[in-house]
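Read the structure below first, then the notes.
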Amino acid sequence: MSDDSKKNTLKKASLVVATRLENHLKDNPDALNKIQEAWREHNRMSFQLKALEKQNDKEIRLMTMKYEQTREILQMVFGERQTALNAHYAALDDALKSDDREIILASLRGISSIVSQNPLESFSEFCKVWDNKDETLYLDF
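Residue 99 in our numbering sits at position 109 of the sequence shown, and the numbers go up by one each step.
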C-alpha cells in the first residue's frame, strides 16, 4: 500500500469518526454536557489532591521536627541525669576509699534523690503545654 493510499484511508476513517461523533452529539445533546462536567470534576479532584498532598507533606515535616525535638530533649534530660549520677558515684567511691562517712551519706542521698525522681513526669507536662497552642509556656530557670 502506497503512502497516498494510506493517507486517503486515514482521511476516510477520520471523516467517518467525525461524522459519527457529530451524529451522536446531535442524537444525545446532553452527552457533551456530561463530558464537560466530568472534565470539571476531574480538575476539581486534581486540585483537591494537590492540596491534600501539600497538607500531608506539611504534617509529615511537623511530625518529623517534633520527633527530633523530643528525642534531643530526652537525650539531654537523661544525659544530664547520668552525668549527675556519675559524679555522685565517683564521690561515693572516693568517700569509701577514705572512709568518710559524711561524704558517703551525702553521695547516697544525692543518688537517691536523682533516682527517686521520674524525669518523664515533668517531660509529660512539658509536652502537654508544648502541644497546646493556647497555653503559655513558662520557663522556670
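Beta carbons: idealized from backbone N, C-alpha and C, even for Gly.
CB of residue i within 7 angstroms of CB of residue j, strictly
| i | j | result |
| --- | --- | --- |
| S106 | A81 | no |
| L22 | L15 | yes |
With 16 other Cβ atoms within 10 Å as the buried cut-off, status of residue i
| i | result |
| --- | --- |
| H78 | buried |
Unbroken alpha helix (DSSP H) run spanning residue i, endpoints
| i | result |
| --- | --- |
| M(-9) | Looking at the DSSP string, M(-9) is not in any alpha helix (DSSP H), and its letter there is neither H nor E. |
| D20 | 19 to 88 |
| D121 | 109 to 121 |
| E92 | 91 to 106 |
Whole-angstrom C-beta distance between residue j and residue i, which should lie under 8 angstroms
| i | j | result |
| --- | --- | --- |
| A74 | I94 | Contact doesn't hold; Cβ gap of about 17 angstroms is too wide. |
*Count the CB pairs spanning the stretch 109 to 122 and the stretch 61 to 72 that are closer than 8 angstroms, and state whether there are at least three.*
yes
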